[in-house]
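In full-length UniProt numbering, the protein residues as written are 1 to 215.
First comes the structure, then the notes that go with it.
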Amino acid sequence: MASDSNQPLETIYINNLNDRVSLTKLKSELESLFTSYGKILQITAHRNLKMKGQAFITFESKVSSTKAMDLQNHILFNKPMHITYAKGNSDAYYELHNEVDKIEQRKSEKERQNLKRKSTPAGGKQKKKKVKSEDWKSLPPNKLLLIQRLDDDEQLTSYFEQFEGFSNVRLVKVRKLAFIEFDNVESSTKCLKSIKTEELQEKFGSEVILSFAKK
């Protein structure tokens, strides 16, 4: 919802915020900082991956939002804030000015985008990916396990060392994969069977695949 243009709007977009600070503390501090520039209608911030480190502040007037630009690069929780005008105003602004039609337009657009994501091409792509994952799972037993499509490799050793017979991890960072070595096939098989896909995806990325390594 951030804008590349400099056209003034009642809503401003802030990023580069410290995402380790709680939302309650962040919103409270933003309100304290920006309230001196004019009446604030709404402060929006989320914890999800797509929106963390970002916030939207809607003022009652463009005069206030323009003055608020004075806080550009102001240090908040050890990080400089980056401020621009948002692409559109918040629902709170449209409600105040009785522009309910614009709120409905936004809802319709969101629904349209959601339907587009769930359309056939996306489903086809997902099906193809699943088949490939099943192919890897059908490999013959090996004391080496292979984990592929890693988004995060920091917890690999600490995660796998809890399994009996674990020996070491050999990371190939440029290819986003790693070999997990066990003392014997029995230990690697037991590990592979006991791990839930959902748990792996949560720790190492949504597309991660764990299987026996090819001999």
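By construction, the Cβ of each residue, glycine as well, lies at the ideal position given by its N, Cα and C atoms.
Beta strand (DSSP E) segments (min. 3 residues) lying fully within the stretch 132-163: Whole beta strand (DSSP E) segments, 3+ residues: 144-148.
Hey, is the stretch 73-87 in contact with the stretch 40-49, meaning 3+ C-beta pairs nearer than 8 Å? Proximity of the stretch 73-87 to the stretch 40-49 falls short of the contact definition, fewer than three beta-carbon pairs being nearer than 8 Å.
How would you label Gln148, buried or exposed, when you count the other beta carbons within 10 angstroms and need 16 or more for buried? As a first step, residue 148 is located in the sequence shown; it is residue number 148 there, counting from the start. When all chains shown are included, Gln148 counts as buried.
Once you ignore the five residues that flank residue 229 on each side, which residues in its own chain have a CB closer than 6 Å to its CB? Only positions 1 to 215 of the chain appear in this structure, which leaves residue 229 out of reach.
Of all Cβ atoms in chain C, is any one closer than 8 Å to the Cβ of Leu192? As a matter of chain content, chain C is missing from the structure shown, which is built from one protein chain.
Output yes or no for whether 8 Å exceeds the beta carbon distance between Leu150 and Leu192. The residue labelled residue 150 in the question sits at position 150 within the sequence shown. The residue labelled residue 192 in the question sits at position 192 within the sequence shown. Cβ distance not < 8 Å, so Leu150 and Leu192 don't count as in contact.
Pull up the DSSP beta-bridge partners for Pro13, would you. Position 13 of the sequence shown, counted from the first residue, corresponds to residue 13. The sequence as given places Tyr at residue 13; Pro does not occur at that position. Residue pairing by DSSP puts Tyr13 in a beta bridge opposite Phe56, Thr84.
What does the Cβ neighbour count give for Ser64, buried or exposed, with the cut at 16 atoms within 10 Å? Stepping through the sequence shown from its first residue, residue 64 is reached at position 64. Its Cβ being crowded by 16 or more others within 10 Å, Ser64 is buried.
Near Pro141, what residues of its chain come up, given a Cβ to Cβ distance below 8 Å and the 5 sequence neighbours on each side ignored? The residue you call residue 141 lines up with position 141 of the sequence shown. Val185, Ser188, Thr189, Phe212, listed in sequence order.
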